[in-house]
Amino acid sequence: MGLCKLGCAPWLLGILFLSSLELLCMADVHYYDLIVRESNFTRLCTTKSMLVVNDSYPGPEIRVHRGDTVFVNVHNHGSYGFTIHWHGVKQPRNPWFDGPEFVTQCPIQPGTNFTYQVILSDEIGTLWWHAHSDWTRGSVHGAFVILPAPHESYPFHPPDADQTIILESWYNDDYLELIRNSTLNGQAVGIPNAYAINGHLGDTYECNDTIFRMEVNYQDTYLLRIINAAMNEEKFFSIANHTLIVVAQDASYVTRFATDYIMISPGQTMDVLVQANQNIGQYYMVMRNFHDSAASSNNNLTTAIFQYKNSVGGPMNNASLVSLPEPDDSKATSSFLSRIRNLRVRQNPPLRVPRAIHRRVYIAISTNSIPCTNDSVCITENRFVAALNNVSFVSQSINGVFTKDFPLEPPEYYNFTGDLTALNRNVTMGTKIVMLNYGEAVEIVFQATQFGAGGSHPFHLHGFSFYRVGSGSGNFNNVTDPKSYNLVDPPLINTVHVPASGWVALRFFANNPGVWFSHCHFERHSSWGMDTVFIVKNGGTKATSIRPPPASGMPVCSGT
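In case it helps, UniProt numbering puts the sequence shown at residues 1 to 560.
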């Protein structure tokens with residue numbers, strides 16, 4: 001897994017995210033090696049070879065402390081290039097190692113290796129790492145656990161143990177071939193054949209697949225580190241007969257609350273306490289999709305076992321009887337999300353919600369179709385694309401190919417959440433980005449539309465955590481809706497649920513110079529161009545400017 005070398009980290013983080021000088025002086029340096037190669041896995045009575053890390057699915061866990069620096073040497077023993085992204089790690093002034101393919105780096109080519117420098121700052125709790133090339137993250141991913149620094153404590157009674165729970169999509173086909181075929185034929189990738197919890201499909205499918213078992217002691221309290229690594233599905237999750245206490249989201253503590261279920265979007269993480277206080281036995285852990293669009297969905301239940309030591313027999317109830325919202329229960333989703341509030345404790349970053357806004361960006365989200373450029377390959381005359389403000393992002397493999405004219409508002413206003421079947425909005429293909437001045441207070445409003453299949457979207461911004469200050473249904477009103485903003489205790493997150501036929505508002509300070517990708521974390525939408533880039537200019541000092549590129553160089557794009 002990794003070799004930890006103790007001592008003071010040899011880097012100066014500057015003023016961006018440090019809560020104290022003490023944190024810097026107690027930070028450690030860690031070293032990990034990730035060997036990426038093909039391995040065989042059998043699920044659903046089918047054996048396939050897929051790219052994984054250290055021969056495991058999911059990949060190995062990285063476990064460090066707040067404020068540490070981690071060097072991860074990634075060895076590509078596979079047959080094609082990829083990159084690794086450290087999801088939710090802000091990487092202060094350090095975009096060189098953020099990982100999105102053709103945005104901040106070229107792929108790590110087969111037969112080569114590349115060492116990432118992962119700089120932690122104020123993140124605490126659970127994050128994750130994953131491939132950031134085509135659909136490779138479906139099998140190349142793992143947990144990134146950030147424990148309290150040696151002088152810190154949890155803002156709750158320490159758990160007796162913790163357990164990572166990774167929610168995943170399973171396809172019998174190869175992930176790279178899935179997206180390559182989709183790109184060629186212009187159609188969407190089909191729904192998964194199944195879903196998995198920590199790599200196990202559970203007992204609700206037909207092939208007697210293995211089931212993940214979490215063994216617990218009666219009366220002990222456990223911290224579940226839940227990661228939604230699914231490709232295109234938001235998830236409900238519950239444990240039969242047990243109450244979940246949500247304590248953190250996206251590596252930031254939240255005001256604790258009790259719930260029977262959680263709703264977690266792709267890319268998001270949640271830390272949840274659960275006490276083993278029921279009769280000794282075996283209880284189902286169950287997940288199912290939350291699905292609110294017209295696109296196809298697989299609504300299978302996927303199971304794991306919360307198993308008390310010395311219990312005998314099988315699970316004490318049927319998985320279908322576990323209390324979970326219905327797959328299309330938008331009220332259950334909005335009710336759950338509305339309860340997530342920032343916790344004012346010393347273990348969290350000081351609450352600094354921007355009030356006076358310097359830069360406003362209003363983004364209409366859409367899925368569209370355009371005429372096929374190659375009728376001999378496309379299945380129909382049109383192909384799917386996705387867009388932000390009518391711009392479908394095109395990744396470039398040549399440095400410097402971008403324009404600074406991403407529209408800061410929709411080029412045309414219409415009833416975004418009404419019946420749009422008769423409308424055909426033009427889409428521009430391009431690599432258009434947003435330039436931000438260092439220190440600007442930024443507000444982004446994401447507006448869901450009813451183009452295509454409609455539905456909700458999980459949006460992720462690299463390089464930052466942001467405050468989710470507001471959300472609502474219908475079209476955003478820039479006069480009345482800001483009056484309902486929560487500027488007192490909004491959650492600090494890195495991936496946000498944009499509700500179907502609704503909007504969400506985010507605020508943050510642009511205090512991390514660099515090049516930062518932003519995209520829908522539904523992989524099909526990101527592949528179609530539902531992305532953009534924010535470039536934060538340097539400030540006036542060395543401590544507010546981007547770090548120099550690594551002296552050892554960056555991966556080189558094939559053919560350049």
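Just so it is clear, CB atoms sit at the ideal spot from N, CA and C, and this is done for glycine as well.
Coarse secondary structure for residue i, derived from DSSP in three states
i: residue 523; result: helix
i: residue 21; result: Confidence is the limiting factor: at residue 21 the pLDDT is only 39, short of 50, which leaves the residue's position unreliable and the question unanswerable from this model.
i: residue 116; result: strand
i: residue 260; result: coil
i: residue 42; result: strand
i: residue 464; result: coil
i: residue 326; result: coil
i: residue 425; result: coil
i: residue 174; result: coil
i: residue 267; result: coil
i: residue 179; result: helix
i: residue 319; result: helix
i: residue 309; result: coil
i: residue 562; result: The first residue shown for the chain is 1 and the last is 560, placing residue 562 beyond what the model contains.
i: residue 473; result: strand
i: residue 248; result: strand
i: residue 404; result: coil
i: residue 382; result: strand
i: residue 97; result: helix
i: residue 235; result: strand
i: residue 366; result: strand
i: residue 541; result: coil
Whole-angstrom C-beta distance between residue j and residue i, which should lie under 8 Å
i: residue 536; j: residue 438; result: 6 Å
i: residue 388; j: residue 534; result: Wrong, their Cβ atoms sit about 12 Å apart, outside the cutoff.
i: residue 561; j: residue 129; result: Any answer about residue 561 is impossible in this case: the structure gives the chain only from 1 up to 560.
i: residue 364; j: residue 406; result: Actually they do not touch by this definition, with Cβ atoms about 12 Å apart.
i: residue 460; j: residue 314; result: Actually they are not in contact, since the Cβ atoms of residue 460 and residue 314 sit about 39 Å apart, beyond 8 Å.
i: residue 192; j: residue 171; result: 5 Å
i: residue 165; j: residue 226; result: 5 Å
i: residue 300; j: residue 195; result: 7 Å
i: residue 385; j: residue 369; result: 7 Å
i: residue 232; j: residue 446; result: That belief does not hold up - the Cβ atoms of residue 232 and residue 446 are roughly 18 Å apart, past 8 Å.
i: residue 260; j: residue 334; result: Their Cβ separation, rounded to whole angstroms, is 16 Å, which puts residue 260 and residue 334 out of contact at 8 Å.
i: residue 492; j: residue 349; result: 7 Å
i: residue 488; j: residue 496; result: 18 Å between Cβ atoms; not a contact.
i: residue 39; j: residue 52; result: 5 Å
Neighbour-count burial assignment, residue i, 16 or more Cβ in a 10 Å radius
i: residue 379; result: exposed
i: residue 20; result: Bear in mind that the predicted position of residue 20 carries a pLDDT of just 38, short of 50, making it unreliable; the figure below should be weighed with that in mind. It is exposed - the Cβ of residue 20 has fewer than 16 other Cβ atoms within 10 Å.
i: residue 512; result: buried
i: residue 107; result: buried
i: residue 235; result: buried
i: residue 599; result: No information on residue 599 is available, as it lies outside the stretch 1 to 560 that the chain covers here.
i: residue 265; result: buried
i: residue 177; result: exposed
i: residue 133; result: buried
i: residue 419; result: exposed
i: residue 540; result: exposed
i: residue 270; result: buried
i: residue 422; result: exposed
i: residue 228; result: buried
i: residue 157; result: exposed
i: residue 42; result: exposed
Residue of the options minimising C-alpha distance to residue i
i: residue 182; options: 237, 327, 526, 58; result: 526
i: residue 186; options: 461, 247, 528; result: 528
i: residue 441; options: 301, 357, 124, 298; result: 357
i: residue 110; options: 549, 37, 547, 524; result: 37
i: residue 275; options: 545, 301, 159, 324; result: 159
i: residue 550; options: 54, 93, 79; result: 93
i: residue 293; options: 323, 329, 309, 287; result: 329
i: residue 118; options: 126, 138, 97; result: 97
i: residue 103; options: 55, 334, 83, 91; result: 83
i: residue 413; options: 404, 402, 425, 403; result: 425
i: residue 468; options: 189, 409, 250, 531; result: 250
i: residue 443; options: 495, 359, 392; result: 359
i: residue 341; options: 248, 50, 377; result: 248
i: residue 393; options: 373, 52, 76, 432; result: 432
i: residue 316; options: 245, 280, 345, 391; result: 280
i: residue 311; options: 290, 319, 298, 282; result: 282
Closer than 9 Å to chain B by CB, residue i
i: residue 324; result: Absent from the structure is chain B; it holds one protein chain and no more.
#### Entry: contact_flag[the region 27-41, the region 68-75] where n(CB pairs < 8 Å) is 3 or more
yes
### Query
Do the region 296-311 and the region 254-265 meet, that is, are 3 or more Cβ pairs less than 8 Å apart?
no
### Query
Counting Cβ pairs closer than 8 Å, one from the region 276-284 and one from the region 210-221, do we hit at least three?
yes
### Query
Is the region 479-493 close to the region 447-460, with three or more CB pairs under 8 Å?
no
### Query
Any contact of the region 50-61 with the region 135-148, i.e. 3+ C-beta pairs under 8 Å?
yes
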